[in-house]
Amino acid sequence: MDNKILEVSGVTCEFGGIRAVDDISIEVEPGSILGIIGPNGAGKTVLLNLINGVYKPLRGSIQIFGTPTKRLRPDQVARLGVARTFQSTDQFKEFRAIDYVMLGGFYQQYRSLAACILGFNIVAKRERAESRRALEMLEQLGLAHVATEQLSQLPYGVQKQIDLARAMVAEPRLLLLDEPTSGTTSSERTAIAEVLKNLGRSDRTVVVVDHDVRFLSGHCEQLVAMSYGRKIAAGSVADVLADRGVREAYLGIPAVEAAEEEGPA
Amino acid sequence: MAVAGWLLFVVVAAYLLLSNSTFWIYVAGLTIIFAISALGLDWIQGRAGQVSIGSAGFMAVGAFVAAVAVEKGVPALAALVLAALAGGFTGVLVGLPALRLRGLYLALATLALQFITMALGTEYETASGQIAGVPALNTTIGPISLTAGRSFFVALVILLALVIIVLQRLYRRAPGRAWLAIKENEMSAGIIGLNPTRWKLSAFVASSALISVSGGLLGFYTLRVDSESFSLDFAITFVAIVIVGGLGSIAGVITGAALITVTPYLLSTWTSSLPSNLPISQWLSSNIDYINSGFYGIILLAFLLFQPRGIGGASRALRLRLIRRLDRTPGAETAVASRAAGRSSSTAGGTPASRASAVLGERKLTEHSEAVENALLAVDGLGVYRSGACAVDSVDLTVLPGEVVAILGRNGAGKTSTLRGISGFFLTERSRVTGRIMFQGRDIRGMSPMATAKLGLVLVPEREKVFPNLTVAEHFRVIGAPRSEIDRTFELFPQLANRTQSEAGLLSGGERQMLALGVAFCMKPKLLMVDELSLGLAPGAVVRLTAALKEFQQQAGIGLILVEQNVSAAMELADRVYVLEAGRVESSGRPSELDEETLLTTTLGG
Chain A
244 MDNKILEVSG VTCEFGGIRA VDDISIEVEP GSILGIIGPN GAGKTVLLNL
294 INGVYKPLRG SIQIFGTPTK RLRPDQVARL GVARTFQSTD QFKEFRAIDY
344 VMLGGFYQQY RSLAACILGF NIVAKRERAE SRRALEMLEQ LGLAHVATEQ
394 LSQLPYGVQK QIDLARAMVA EPRLLLLDEP TSGTTSSERT AIAEVLKNLG
444 RSDRTVVVVD HDVRFLSGHC EQLVAMSYGR KIAAGSVADV LADRGVREAY
494 LGIPAVEAAE EEGPA
Chain B
10 MAVAGWLLFV VVAAYLLLSN STFWIYVAGL TIIFAISALG LDWIQGRAGQ
60 VSIGSAGFMA VGAFVAAVAV EKGVPALAAL VLAALAGGFT GVLVGLPALR
110 LRGLYLALAT LALQFITMAL GTEYETASGQ IAGVPALNTT IGPISLTAGR
160 SFFVALVILL ALVIIVLQRL YRRAPGRAWL AIKENEMSAG IIGLNPTRWK
210 LSAFVASSAL ISVSGGLLGF YTLRVDSESF SLDFAITFVA IVIVGGLGSI
260 AGVITGAALI TVTPYLLSTW TSSLPSNLPI SQWLSSNIDY INSGFYGIIL
310 LAFLLFQPRG IGGASRALRL RLIRRLDRTP GAETAVASRA AGRSSSTAGG
360 TPASRASAVL GERKLTEHSE AVENALLAVD GLGVYRSGAC AVDSVDLTVL
410 PGEVVAILGR NGAGKTSTLR GISGFFLTER SRVTGRIMFQ GRDIRGMSPM
460 ATAKLGLVLV PEREKVFPNL TVAEHFRVIG APRSEIDRTF ELFPQLANRT
510 QSEAGLLSGG ERQMLALGVA FCMKPKLLMV DELSLGLAPG AVVRLTAALK
560 EFQQQAGIGL ILVEQNVSAA MELADRVYVL EAGRVESSGR PSELDEETLL
610 TTTLGG
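Residue numbers (our numbering), protein chains in the order written: chain A, 244 to 508; chain B, 10 to 615.
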């Protein structure tokens, strides 16, 4: 087996006649951070959902850690060691922050409903260990004080960070981030960047979709630009941002000004 | 709180035992059996989010299996275990369609179970010659006789306590989190790593087993199992219990069970205690069944209208409010004191930033009085309290016709709450809004969002801004936008033009933002409020959008309030800026008057 973490080859996906992802190929090296940019509706989130196994490609294949994911359910893909954060935070409202973060470590242990009903000691022990781990992760992000607050009561940017904490608790080998910085303040952005930076030192691999070009260029080794479901550019951050097509489709800068420095952050 | 609940439970049980009233002990035993069944329904519906009206069906399965087993000489305890197994198996049968069906369709599938069990029960009764039902006599577990009476009542009290303890444990631990996640968003739960199929089925199997056991107990309790008694009315009783009690609250569901079970008995004892020579008592006693059904209907409607989250939800809200109030009383004074201290230090010199804000504050006062006269929006001392917590303390804010106002501040400063308070959204969320909100010379505080929208005040919220099941075209049709307006929107957002027939739920995050803004533009607002304009938008789209917004705003001469994280973008667009901190206006003024660097460091903590 080669040591590719993620290999997306020639993947196409359609919804109601619209080609959301069109012949996309991506390879991610172990320990690297890959950024994906593109105009709204370019198919970035759809691509993440394809990797997660929520949608199945019409054509092409996806391999994660060398395993083809064609026949895997999303939870089975997660169990391979893939964690993902979400673009919108309005899907889990009733959770308390700490309980939500604890969801991250859920799949790692076998859960038996019977053991829980009968009240085996090991269940309580495991529960304590997990809540400790979740609290530590919240502390790292400086959010221990909101642990018992309900998610719906917390500001948007804080919810985003708690979602990140949930993904980190899973200790994934591949981390997929969907717009981690949208709706966050500059200080929250710094906190998220800090987490990413620490990740870079471990053996984790990250794919991050975001609009904040300054944020991406600070952390990614490689960039992929998408537009209308297609890959329009790929390579080093500088190369992709200098690409004429990218500048026009994404940054909204007419080709004439293309010589000037990077776009608005 | 939990201790108080248990105490009440024990006291009521002890009181009934000591009272020695056979009648009320009978009613209480019945209440407990119903409560166990209702807890099973709350399990599948309130926790796992799977709609069910099949309680009566599952109870019938348990009742028949237990009664027939006892008839064939099986000991009562074993018969109840058989009832649980049969219920669990039936749970799989009903749970399998639940993997595909949702909402109303699932409810209908559970309703089918109800009719099937009733038909099978009748069939069995005719075939075995027991037209009046299957008898369930002389059932005992050890020394306990399983017929209405003191010993069975004590056993039921202990059983209910055990059920409560086990359920509480389950809900607090991993299984509870799994069910909640699946209830809230099945797809995302899968991505997180939960197997929705497994957890949905497990909830169906376990809750059905519990409901079936309560059915078996009911058969023993009433000495007879008759298919006629597991009617649709009976099924609806349990729906009524969980609605009145409140889904997702164990104590609430038990209270609901008590209310719904006991009230008819109270009514009938009351009517029979009336002097018989009154003309009404004759009528009452002969119509008591109808009166009882009518009473159910009225209670159910009253709760759905005024307290949709039931007794449990209401008490939780009350508790939260009490806790917050207790928290606030001592803290409030210190907060005021520190604020006063901050103010005195700023007048005595202070940092340049605070001095600037003090100066601006003075100027604002003089500006304010003349501005209020012809202001589009004049907000005076706005306060917003969400379940007792203060989200906005006191905000003054004016928007002149044709003016662009930006609200800045860190997360949690009260920006979103300010907008929602002004638009009336909080009214629907049961939050308290204080202060005066004058829109075009009219106080709009307390108006519904629909009413304020009609007046020309349109809010584009941060989340849940589109209707996922309507297509893009339908969004515009709903508001009756003319063709020309729609075309202009599509010119602004070319992506939308390609996706007119897509459901909004299939749009990407940025496309939803475009749709919400486009719809807002077409509503011809006099004041447009946008919460997070650039949320999830590509840089190119933001550039296009801000240009379009400025043009639209200047053409129409409308007022505009923007809440933004992107300070530089806001500064560029806005005529005036308000900086919020801890629910108050920290400073305000023209962008040129506010030093951006100071803003960034002191206010946004960046």
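In this text, a Cβ means the ideal position worked out from N, Cα and C, and glycines have one as well.
Do we get a CB-CB distance below 9 Å when we pair residue i with the residues of chain B?
i	result
residue 349 (chain A)	yes
residue 409 (chain A)	yes
residue 264 (chain A)	no
residue 463 (chain A)	no
residue 398 (chain A)	yes
residue 476 (chain A)	no
residue 259 (chain A)	yes
residue 256 (chain A)	no
residue 251 (chain A)	no
residue 380 (chain A)	no
Is the Cβ of residue i closer than 9 Å to any Cβ of chain A?
i	result
residue 483 (chain B)	no
residue 199 (chain B)	yes
residue 324 (chain B)	no
residue 425 (chain B)	yes
residue 316 (chain B)	no
residue 340 (chain B)	Confidence is the limiting factor: at residue 340 (chain B) the pLDDT is only 41, short of 50, which leaves the residue's position unreliable and the question unanswerable from this model.
residue 194 (chain B)	yes
residue 120 (chain B)	no
residue 109 (chain B)	no
residue 21 (chain B)	no
residue 104 (chain B)	no
residue 547 (chain B)	yes
Can you give the Cα-Cα distance for residue i and residue j, rounded to whole angstroms?
i	j	result
residue 481 (chain B)	residue 510 (chain B)	6 Å
residue 556 (chain B)	residue 549 (chain B)	11 Å
residue 422 (chain A)	residue 492 (chain A)	19 Å
residue 84 (chain B)	residue 513 (chain B)	59 Å
residue 284 (chain B)	residue 21 (chain B)	30 Å
residue 452 (chain B)	residue 490 (chain B)	28 Å
residue 291 (chain B)	residue 300 (chain B)	13 Å
residue 349 (chain A)	residue 29 (chain B)	50 Å
residue 459 (chain B)	residue 495 (chain B)	22 Å
residue 244 (chain B)	residue 132 (chain B)	20 Å
residue 349 (chain B)	residue 579 (chain B)	Summary for residue 349 (chain B): the model assigns pLDDT 37, below 50, so the residue's position carries little reliability; its value from the coordinates is reported in the next sentence. Looking at the two C-alpha atoms, the distance is approximately 30 Å.
residue 528 (chain B)	residue 433 (chain B)	19 Å
residue 262 (chain A)	residue 517 (chain B)	13 Å
residue 140 (chain B)	residue 177 (chain B)	41 Å
residue 120 (chain B)	residue 77 (chain B)	24 Å
residue 490 (chain A)	residue 484 (chain A)	7 Å
residue 401 (chain B)	residue 45 (chain B)	43 Å
Which same chain residues, not among the five before or five after residue i, have their C-beta less than 6 Å away from its C-beta?
i	result
residue 327 (chain B)	none
residue 110 (chain B)	118
residue 426 (chain A)	399, 400
Here's a check: name, in chain order, each residue in its chain whose Cβ is nearer than 8 Å to the Cβ of residue i, leaving out the five neighbours to either side.
i	result
residue 148 (chain B)	79, 85, 88, 154, 155, 156, 229
residue 336 (chain A)	393, 394, 395
residue 365 (chain A)	358
According to DSSP, which residues form a beta bridge with residue i?
i	result
residue 258 (chain A)	A:261
residue 387 (chain B)	B:407, B:447
residue 249 (chain A)	A:271, A:307
residue 399 (chain B)	B:394
residue 593 (chain B)	B:403, B:590
To which residues of the same chain is residue i closer than 7 Å at the C-beta, ignoring the five residues directly before and after it?
i	result
residue 6 (chain B)	What is shown of chain B runs 10 to 615, which leaves residue 6 (chain B) out entirely.
residue 435 (chain B)	393, 429, 442
residue 214 (chain B)	97, 100, 101, 104
### alpha helix (DSSP H) runs wholly inside the segment 92-145 of chain B, at least 4 long, in chain order
Within the segment 92-145 of chain B, the runs of alpha helix (DSSP H) at least 4 residues long that lie entirely inside it are, in chain order, 112-136.
### Task
Could I get the ranges of all uninterrupted beta strand (DSSP E) runs contained in the segment 424-512 of chain B, with 3 residues as the minimum, in chain order?
Counting only runs of 3 or more, we get 441-448, 466-469.
### Message
What ranges does the alpha helix (DSSP H) occupy inside the segment 502-580 of chain B, keeping only unbroken runs of at least 4 residues that lie completely in it?
### Response
Restricting attention to alpha helix (DSSP H) runs no shorter than 4 residues, the segment 502-580 of chain B encloses them at 503-506, 518-531, 548-565, ordered along the chain.
### Message
Which complete alpha helix (DSSP H) runs does the segment 200-254 of chain B hold, if anything under 4 residues is left out?
### Response
The qualifying runs are 205-231, 241-254.
### Task
With a floor of 4 residues, list each alpha helix (DSSP H) that falls wholly inside the segment 329-409 of chain A, ordered by position along the chain.
Correct list: 340-346, 356-361, 364-383.
### Any beta strand (DSSP E) of 3 or more consecutive residues that is wholly inside the segment 421-481 of chain A
The qualifying runs are 448-452, 465-470, 473-479.
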